[in-house]
Amino acid sequence: LRRSSRPSKPPIWLTDYVVQPMKSTCPYPVSQHVSYNQLSSDYRAFLAAYLAIAEPRTFKEASADPKWFEAMQAEISALQDNNTWSLVDLPQGKVPIGCK
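Start counting the sequence shown at 1224; every next residue gets the next number (this note's numbering).
Here it is as structure tokens:
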């Protein structure tokens, strides 16, 4: 695969922003210097509890948890109270889009 040797310019709309290039790798990964064995038992317990918390990935999972269900209801209520959106019928022949 041959790459173009022509210099490329960023899109014109990016000139409105200051964009800093980001490195995708960490020069000093923590995993090379610290292991769980070196941590105190209290901190290991904290990490285990923190890492055990999993956010639901689907509506079905979220609605099964009372805390998530309550949070979803509060979010819907806030949207309705602020008149942020309204429900309308889908026009005939149109397909709804998904969301995350």
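Glycine included, each C-beta is placed from N, C-alpha and C at the ideal position. Everything numeric in this text was worked out from a predicted model, so none of it was measured.
Task: For W1291, the three-state DSSP class (helix, strand or coil) - done: helix
TODO: Return the CA-CA distance between N1260 and D1304, expressed in angstroms with no decimal places.
DONE: 51 Å
Task: Nearest candidate by alpha-carbon position, reference K1283, set M1295, L1274 and P1230 - done: M1295
Task: Which listed residue (L1313, P1314, E1298 and A1287) has its alpha carbon closest to that of T1307 - done: E1298
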